[in-house]
Structure formats: structure tokens, C-alpha cells
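Accompanying notes for the structure given below.
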Amino acid sequence: VINQINSHNANVFVGKLGDVLYKAVGTPLGMALNWGRLWSLWPVHIETACCSVEFGAASGPRYDVERFGIIEAFG
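Just remember that this note's numbering sits 7 ahead of the position in the sequence shown, which is counted from 1.
If you want it as C-alpha cells, here you go:
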């Protein structure tokens, strides 16, 4: 009976700990991710054209064609 009570209390504690960790870590992390999405230097490309993937890769951080003065027209 004592083991059942202790394991039940431990499960309650772990459940509460999970909620606290989510609020302590998840909320600030989510706010940081949303800030990064809002102030991103690279535009989001949502197209159905055949070269959408190439335009997205060219404007991404690896190739960054804007540093060469190329401004892509999305849409």
C-alpha cells in the first residue's frame, strides 16, 4: 500500500512539474520563435510555381542573393 501511495504522489508531482516546465520554458521559447518569425530578414515564399523551391533557397541564409543586390519578386 505504501508503494502505491508513493508512486501515485510521484506521478502527481511529475505531472505538475511538466506543467511548470512548459510554462517556464515553453512560453518564453515560443515568444522567441514568434519574434524571429516576425522580424525575419528573409521573406516567406508561398508559391505553386515550378521555381518556388529555387527562389526560396536563393533567398535563404546559405546563398543570400540579396547581398549581391538581387531583389526577388515573389508572387
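Note that CB positions come from ideal geometry on N, CA and C, so glycine has one too.
Taking C-alpha positions only, residue 29 is separated from residue 42 by approximately 19 Å. A check of alpha carbon separations from residue 47 across 67, 32, 37 and 59 identifies 67 as the nearest. Shown here, residue 66 sits in coil according to DSSP, grouped into three states, outside any helix or strand. When DSSP states are grouped into helix, strand and coil, residue 76 belongs to the coil group.
If you draw a straight line from the Cα of residue 27 to the Cα of residue 40, it comes to about 20 Å.
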